[in-house]
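Asker: Dropping the structure in here first, questions after.
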Amino acid sequence: MIEMSPGSGIFVFDSQIEQALARKSPTSCAAFLLNCFYTNTEMAGMNLTGANGKPHPDKQIIDSIIGEYM
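Take the sequence shown: its letter number 23 is residue 22 in numbering that gives the first Met the number 0, and every next letter is one higher.
And the structure:
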C-alpha cells in the first residue's frame, strides 16, 4: 500500500495508483481515486462541498487526491 500524500494517513494499493495515473484526464483520475473509497451508491448522493445538506467525501481524501495527483 502507498500513502497518497505524505502524512495524510490515506492509503491505496499500488495498482490503484497505476490505474489512476493511466487515465487520460485529471478529472478521470480523480473520479477513479474517489471510487477507491466510496461505492457508486454512496457517491450518487454526494457533492464535493456538502452544499444543500448533502453528504460529501472526507476532506482529507479530497485534499490527498488534489494535492498529490492534480
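Note that the Cβ used here is the ideal one computed from N, Cα and C, for glycine as well.
1) What is the residue span of the alpha helix (DSSP H) that G40 lies within?
2) Nearest to A19 by alpha carbon, out of M42, L33 and A43?
3) Kindly identify the DSSP beta-bridge partner or partners of E2.
4) Please tell me whether H55 and M42 are closer than 8 Å, where the distance is taken between their beta carbons.
5) In whole angstroms, what separates the C-alpha of S27 from that of A21?
Answerer: Here's the rundown:
1) At residue 40 the sequence reads Thr, which differs from the Gly that was named. Element bounds for T40: N39 to A43.
2) L33
3) Per DSSP, the beta bridge partners of E2 are F10.
4) no
5) 10 Å
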